[in-house]
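So the structure is just underneath, and the comments pick up after that.
Protein chains: 2
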Amino acid sequence: ILKYLYFALLSGPSSFSLRSHTCGELRSHHVGHRVILCGWAQYLRQDLFVILRDFSGLTQVLIPQEESASHLKAVLSELTAESVIKVTGTVRRRPAGQENKMPTGEIEVITEDVEVFNVCCKLPFEIKDFVKKSESLRMQYRYLDLRSSQMQKNLRLRSQLVMKMREYLCNVQGFVDVETPTLFKRTPGGAKEFVVPSREPGLFFSLPQSPQQFKQLLMVAGIDRYFQVARCYRDEGSKPDRQPEFTQVDIEMSFVDQTGIMSLVEGMLQHSWPAEKGSIKVPFQTMTYEVAMRDYGVDKPDLRFNMKLIDITEIFTVEVEFLRSALSQPGGSIQAICVPSGARPLLGKLRLRCAELLESCGVSLRDPSAFHFLWVVDFPLFLPKEDEPEQLESAHHPFTAALLEDAHLLYTEPHKVRGQHYDLVLNGCEIGGGSIRIHKASEQLHVLKNILKEDPSLLSHLLEALDSGAPPHGGIALGLDRLTSIIVGADSIRDVIAFPKSFRGRDIMSRAPDTVSEEELKPYHISVRWPTEGGEEGK
Amino acid sequence: ILKYLYFALLSGPSSFSLRSHTCGELRSHHVGHRVILCGWAQYLRQDLFVILRDFSGLTQVLIPQEESASHLKAVLSELTAESVIKVTGTVRRRPAGQENKMPTGEIEVITEDVEVFNVCCKLPFEIKDFVKKSESLRMQYRYLDLRSSQMQKNLRLRSQLVMKMREYLCNVQGFVDVETPTLFKRTPGGAKEFVVPSREPGLFFSLPQSPQQFKQLLMVAGIDRYFQVARCYRDEGSKPDRQPEFTQVDIEMSFVDQTGIMSLVEGMLQHSWPAEKGSIKVPFQTMTYEVAMRDYGVDKPDLRFNMKLIDITEIFTVEVEFLRSALSQPGGSIQAICVPSGARPLLGKLRLRCAELLESCGVSLRDPSAFHFLWVVDFPLFLPKEDEPEQLESAHHPFTAALLEDAHLLYTEPHKVRGQHYDLVLNGCEIGGGSIRIHKASEQLHVLKNILKEDPSLLSHLLEALDSGAPPHGGIALGLDRLTSIIVGADSIRDVIAFPKSFRGRDIMSRAPDTVSEEELKPYHISVRWPTEGGEEGK
Numbered sequence: 036i037l038k039y040l041y042f043a044l045l046s047g048p049s050s051f052s053l054r055s056h057t058c059g060e061l062r063s064h065h066v067g068h069r070v071i072l073c074g075w076a077q078y079l080r081q082d083l084f085v086i087l088r089d090f091s092g093l094t095q096v097l098i099p100q101e102e103s104a105s106h107l108k109a110v111l112s113e114l115t116a117e118s119v120i121k122v123t124g125t126v127r128r129r130p131a132g133q134e135n136k137m138p139t140g141e142i143e144v145i146t147e148d149v150e151v152f153n154v155c156c157k158l159p160f161e162i163k164d165f166v167k168k169s170e171s172l173r174m175q176y177r178y179l180d181l182r183s184s185q186m187q188k189n190l191r192l193r194s195q196l197v198m199k200m201r202e203y204l205c206n207v208q209g210f211v212d213v214e215t216p217t218l219f220k221r222t223p224g225g226a227k228e229f230v231v232p233s234r235e236p237g238l239f240f241s242l243p244q245s246p247q248q249f250k251q252l253l254m255v256a257g258i259d260r261y262f263q264v265a266r267c268y269r270d271e272g273s274k275p276d277r278q279p280e281f282t283q284v285d286i287e288m289s290f291v292d293q294t295g296i297m298s299l300v301e302g303m304l305q306h307s308w309p310a311e312k313g314s315i316k317v318p319f320q321t322m323t324y325e326v327a328m329r330d331y332g333v334d335k336p337d338l339r340f341n342m343k344l345i346d347i348t349e350i351f352t353v354e355v356e357f358l359r360s361a362l363s364q365p366g367g368s369i370q371a372i373c374v375p376s377g378a379r380p381l382l383g384k385l386r387l388r389c390a391e392l393l394e395s396c397g398v399s400l401r402d403p404s405a406f407h408f409l410w411v412v413d414f415p416l417f418l419p420k421e422d423e424p425e426q427l428e429s430a431h432h433p434f435t436a437a438l439l440e441d442a443h444l445l446y447t448e449p450h451k452v453r454g455q456h457y458d459l460v461l462n463g464c465e466i467g468g469g470s471i472r473i474h475k476a477s478e479q480l481h482v483l484k485n486i487l488k489e490d491p492s493l494l495s496h497l498l499e500a501l502d503s504g505a506p507p508h509g510g511i512a513l514g515l516d517r518l519t520s521i522i523v524g525a526d527s528i529r530d531v532i533a534f535p536k537s538f539r540g541r542d543i544m545s546r547a548p549d550t551v552s553e554e555e556l557k558p559y560h561i562s563v564r565w566p567t568e569g570g571e572e573g574k
Numbered sequence: 036i037l038k039y040l041y042f043a044l045l046s047g048p049s050s051f052s053l054r055s056h057t058c059g060e061l062r063s064h065h066v067g068h069r070v071i072l073c074g075w076a077q078y079l080r081q082d083l084f085v086i087l088r089d090f091s092g093l094t095q096v097l098i099p100q101e102e103s104a105s106h107l108k109a110v111l112s113e114l115t116a117e118s119v120i121k122v123t124g125t126v127r128r129r130p131a132g133q134e135n136k137m138p139t140g141e142i143e144v145i146t147e148d149v150e151v152f153n154v155c156c157k158l159p160f161e162i163k164d165f166v167k168k169s170e171s172l173r174m175q176y177r178y179l180d181l182r183s184s185q186m187q188k189n190l191r192l193r194s195q196l197v198m199k200m201r202e203y204l205c206n207v208q209g210f211v212d213v214e215t216p217t218l219f220k221r222t223p224g225g226a227k228e229f230v231v232p233s234r235e236p237g238l239f240f241s242l243p244q245s246p247q248q249f250k251q252l253l254m255v256a257g258i259d260r261y262f263q264v265a266r267c268y269r270d271e272g273s274k275p276d277r278q279p280e281f282t283q284v285d286i287e288m289s290f291v292d293q294t295g296i297m298s299l300v301e302g303m304l305q306h307s308w309p310a311e312k313g314s315i316k317v318p319f320q321t322m323t324y325e326v327a328m329r330d331y332g333v334d335k336p337d338l339r340f341n342m343k344l345i346d347i348t349e350i351f352t353v354e355v356e357f358l359r360s361a362l363s364q365p366g367g368s369i370q371a372i373c374v375p376s377g378a379r380p381l382l383g384k385l386r387l388r389c390a391e392l393l394e395s396c397g398v399s400l401r402d403p404s405a406f407h408f409l410w411v412v413d414f415p416l417f418l419p420k421e422d423e424p425e426q427l428e429s430a431h432h433p434f435t436a437a438l439l440e441d442a443h444l445l446y447t448e449p450h451k452v453r454g455q456h457y458d459l460v461l462n463g464c465e466i467g468g469g470s471i472r473i474h475k476a477s478e479q480l481h482v483l484k485n486i487l488k489e490d491p492s493l494l495s496h497l498l499e500a501l502d503s504g505a506p507p508h509g510g511i512a513l514g515l516d517r518l519t520s521i522i523v524g525a526d527s528i529r530d531v532i533a534f535p536k537s538f539r540g541r542d543i544m545s546r547a548p549d550t551v552s553e554e555e556l557k558p559y560h561i562s563v564r565w566p567t568e569g570g571e572e573g574k
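Protein chains in written order, with my numbering: chain L, 36 to 574; chain R, 36 to 574.
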């Protein structure tokens with residue numbers, strides 16, 4: 036009978052549930068209410084109280100001491116920590132002087148009935164926020180690690196953030212959420228793509244690094260405004276701290292220019308920014324790639340502190356006087372550290388190291404609660420290949436359009452062309468990037484064939500699509516894991532992913548990747564090439 | 036200057052865009068407004084009009100005939116169909132008698148300026164709704180096929196449907212959207228899981244068929260209410276019309292029973308049901324598996340029509356009189372069709388065939404615009420294995436809890452146990468299924484080890500988790516592709532997926548799966564086992 040009473044609560048966190056309230060919501064105005072709470076026995080106190088926890092907080096539950104309730108006392112007193120129970124009882128005000136500062140600190144619940152759902156065995160670590168656990172223990176027992184209040188907060192903030200982004204894109208701006216395949220064709224030169232053997236001998240799918248081709252095809256298809264919170268894959272091989280799968284907020288629009296995409300993203304972040312993290316101001320600051328490299332030595336400067344790089348070449352060539360004067364001091368000398376191949380990306384790192392060093396000495400430089408967004412624009416469209424400097428490669432990807440004023444250089448001096456590419460930087464981390472795309476087949480063919488020297492037949496479907504009435508279009512992808520980790524102030528993106536891979540790219544909890552029998556590989560027409568037996572190219 | 040004017044429109048489908056309005060929105064109250072439209076030249080009419088199309092509809096654009104605008108006339112008259120243009124002009128009321136029924140049929144736009152973004156080459160088929168295309172042509176040129184008004188509607192309805200579901204789960208009911216990994220460990224006996232080779236010799240990830248283990252672990256982790264619109268993978272081998280990747284709305288709750296999950300799903304579907312499809316009534320009808328099999332011969336009956344199966348055994352054993360009387364007629368005979376191995380799942384199919392037959396003869400039986408939901412409950416928990424009938428296997432999966440009143444039979448007569456499993460059926464299609472899970476490690480171990488005879492060490496992480504304070508929990512997964520296809524009345528789920536695999540499981544547009552060089556396979560320590568050279572088990 037009571038059950039149907041609770042079912043009347045058709046919205047909120049206790050709807051459709053065995054409980055009437057969560058452990059975090061009871062206040063003094065609930066005094067006298069009969070309630071049902073479900074949760075974990077956080078700990079027992081003085082054989083008098085059980086501190087009951089769920090995702091929302093803690094409630095103090097009184098263990099009855101009367102003889103008539105001895106069975107309840109017996110059950111509750113013997114509970115191990117982290118056992119799961121249901122308590123039926125009545126809310127009362129705590130005796131004067133026993134209140135505390137926790138949100139439910141004014142009340143307690145007198146137990147009238149208890150049901151033990153599950154008794155908890157001994158755990159590898161205690162579920163208390165101050166208990167430090169090693170990374171590998173956290174990963175192995177992730178389902179326990181996630182019980183910490185910090186991880187609960189992180190996952191809930193992420194869910195809210197994404198929900199607000201969806202509301203903005205879908206409900207406010209008319210975007211269409213379209214799912215695109217993850218079993219796709221291998222990208223030419225896609226060395227970072229996982230392969231997935233099919234049941235046809237020698238034929239493989241590939242897990243794409245982004246929905247780039249699909250989002251452009253959706254624009255050709257007239258979808259007009261696409262977004263997707265897209266799972267992407269990247270096999271970075273032996274690099275540590277990689278996540279082989281990650282999530283990006285993927286956006287593409289037709290009939291738009293660079294300013295349009297940038298304004299959209301600013302609006303979306305402003306709309307979805309968690310209230311408790313303060314508000315953010317738009318428009319964001321914009322800086323050209325050239326200025327970023329000159330003043331900060333990186334293409335993603337952290338603007339929470341100044342300390343620009345200053346070119347003092349002039350001083351050394353003209354005003355050597357100050358050096359002479361320094362030398363004229365007693366014991367005067369001029370010293371320098373010579374950094375071999377001390378190129379510019381290095382000076383940028385040195386600037387960050389300086390900041391860290393100063394902060395470690397107590398100099399307050401960067402406000403950890405500040406969020407400084409920056410657009411970096413006017414990137415070079417092509418860069419010399421590292422191992423073959425006379426040959427050009429795309430600075431980002433081959434679909435980026437040239438800046439209008441540089442477009443004529445595509446056919447004469449491609450290395451001078453700047454692209455309609457924009458990176459979004461937050462506190463010195465790149466959290467997104469995008470571009471206006473080439474929408475003319477002839478231009479795309481020229482870039483692929485004549486500048487990048489790639490085989491255009493591998494992208495024939497895209498070239499054909501551009502020739503079938505492609506609108507001007509552009510988009511962006513935001514790295515959701517990184518963005519969330521900066522917002523919550525986490526050291527690693529592993530702290531905002533429910534079940535991340537370990538530092539070495541493994542799932543320690545379930546032990547993946549794992550062996551598969553030759554028998555199970557047969558339908559896929561592959562066999563393992565063990566290093567000992569097939570290290571050489573032998574048949 | 037004008038551009039910044041449009042930027043003032045900070046919400047809606049023309050925000051941040053080069054256009055001021057969409058092609059579907061102009062009405063008589065816009066007469067006199069200066070507008071900018073972007074879109075596709077659907078067709079030219081009498082050299083006087085361009086019919087301009089975007090996702091939202093069509094607008095008639097007037098080609099100026101004056102000598103002073105001869106350049107505009109030249110540009111517009113030479114447009115090929117599906118070329119992409121921007122038109123600046125003024126809205127005017129159509130001359131009397133030239134109005135039509137289309138939404139913008141009261142107005143037209145007098146061209147003042149035009150920009151051609153892209154000229155369209157000859158297409159493999161016309162973008163007109165009445166033009167029939169072969170399935171393979173549709174798949175090869177999917178970006179053109181998606182321009183049809185039906186596919187535009189389908190994808191937009193799907194996006195809205197999911198958005199509403201998210202609002203209900205996340206904003207109304209306090210669910211947390213949590214992403215779970217798709218690179219996971221192979222499930223014991225997971226013959227339908229794609230394998231993904233890792234860079235460690237002989238070790239493979241697997242693409243899971245559902246986030247089943249993760250959602251249960253999230254309950255152990257205290258997330259309380261989880262949902263995810265989850266990409267799932269299933270390698271059905273040679274079966275035609277399979278989609279190797281599909282999407283499910285995946286839900287799990289703690290402290291809930293079967294009624295709770297069922298009410299939640301009813302609330303979600305009612306909240307998210309597209310207004311143009313009428314409303315749906317809750318609660319849905321419920322039927323036991325036993326009754327479904329007895330009365331309809333299937334576990335997913337289509338209740339839009341009656342035609343129950345009637346057991347007439349009685350008649351034949353007792354009242355043979357009517358047979359005699361039939362025979363006594365002139366030329367009287369009794370005829371029957373003998374269906375070899377005419378088991379019950381067969382009678383259910385026959386019932387559906389009868390319905391199809393009657394409908395093809397003009398008998399109105401099933402209302403195509405009706406949506407009849409049905410819960411089927413009380414399934415058997417275990418079924419005899421097909422090839423080894425003395426051995427039991429899970430009817431759904433090994434994590435389903437027994438009905439409370441049958442739980443004691445788990446240890447004595449497991450074949451009699453019914454499970455806390457529920458299937459959701461819509462118009463005779465299973466669109467979802469779920470269960471209350473086993474939350475005690477000892478019971479789960481008993482099911483795995485003693486009943487199913489499986490190696491429990493493969494699920495040791497789950498057993499360990501259940502022993503660490505697992506709350507009672509349950510959930511459901513709804514097949515989003517199937518649900519959407521029934522709502523829009525599509526014949527195939529391919530019509531509600533932007534880029535589906537073909538009937539044979541391939542991406543015809545990009546030609547995936549595709550070959551990968553031995554060189555590219557090297558990092559993954561696998562090689563192709565060609566049928567000719569290695570069909571046998573040879574080294």
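Note that beta-carbon positions come from the ideal geometry of N, C-alpha and C, so glycine has one too.
This one's a predicted model, so the numbers in the text were calculated from it and none came from an experiment.
So, helix, strand or coil for R:Ile-142, using DSSP? strand
According to DSSP, is R:Cys-464 helix, strand or coil? strand
What are the partner residues of L:Phe-229, as DSSP defines its beta bridges? Paired residue(s): none; L:Phe-229 is not in a bridge.
Alpha-carbon to alpha-carbon, R:Leu-385 and R:Leu-358: 24 Å
Rounded to the nearest angstrom, what separates R:Arg-80 and R:Lys-188 at their Cα positions? Straight-line measurement puts the Cα of R:Lys-188 at about 26 Å from the Cα of R:Arg-80.
Cα-Cα separation, R:Val-563 to L:Ser-241: Straight-line Cα distance between these residues: approximately 16 Å.
Starting from the beta carbon of L:Ile-369, find every residue of chain R whose beta carbon is closer than 7 Å, and list them in chain order. None at all; the shortest Cβ gap to chain R is about 50 Å.
Where does the unbroken beta strand (DSSP E) through R:Tyr-78 begin, and where does it stop? 69-80
Proximity of L:Ala-436 and L:Ile-486 at Cβ, strictly below 8 Å: no
Residue(s) in a DSSP beta bridge with L:Gly-383: BP columns for L:Gly-383 are empty, so no partner.
8 Å Cβ cutoff, L:Asn-153 in contact with chain R: yes
Any contact of the region 304-311 of chain R with the region 196-204 of chain R, i.e. 3+ C-beta pairs under 8 Å? Three or more beta-carbon pairs separated by less than 8 Å link the region 304-311 of chain R to the region 196-204 of chain R, which places the two stretches in contact.
Taking beta-carbon pairs under 8 Å, can you tell me which members of the region 111-140 of chain L lie near chain R? Glu-117, Ser-118, Val-119, Lys-121
Under 8 Å, Cβ to Cβ, is there at least one residue of chain L near R:Cys-267? no
Please state whether DSSP places L:Gln-244 in a helix, a strand or coil. coil
Using alpha carbons as the reference points, say which of L:Arg-339, L:Asp-334, L:Asp-330 lies closest to L:Asp-346. L:Asp-330
Answer yes or no: do L:Val-333 and L:Gly-383 have a C-beta to C-beta separation smaller than 8 Å? yes
Which residues in chain L have a C-beta closer than 7 Å to the C-beta of R:Arg-564? List them in chain order. His-560, Ile-561, Ser-562
Limits of the unbroken alpha helix (DSSP H) element including L:Tyr-23: The question about residue 23 of chain L has no answer, for chain L in this structure spans 36 to 574.
In three-state DSSP terms, what is R:Met-342? coil
Applying the criterion that 16 or more other CB atoms from any shown protein chain within 10 Å of the CB defines a buried residue, is L:Asp-148 buried or exposed? exposed
Per DSSP, which residues does L:Phe-434 bridge with? Please list them. Paired residues: none, contrary to the question.
8 Å is my cut-off, CB to CB: does L:Glu-235 come that close to chain R? yes
Below 7 Å on C-beta distance, what does R:Leu-299 contact in chain L? Close to R:Leu-299, with beta-carbon spacing below 7 Å, are these residues of chain L in chain order: Phe-51.
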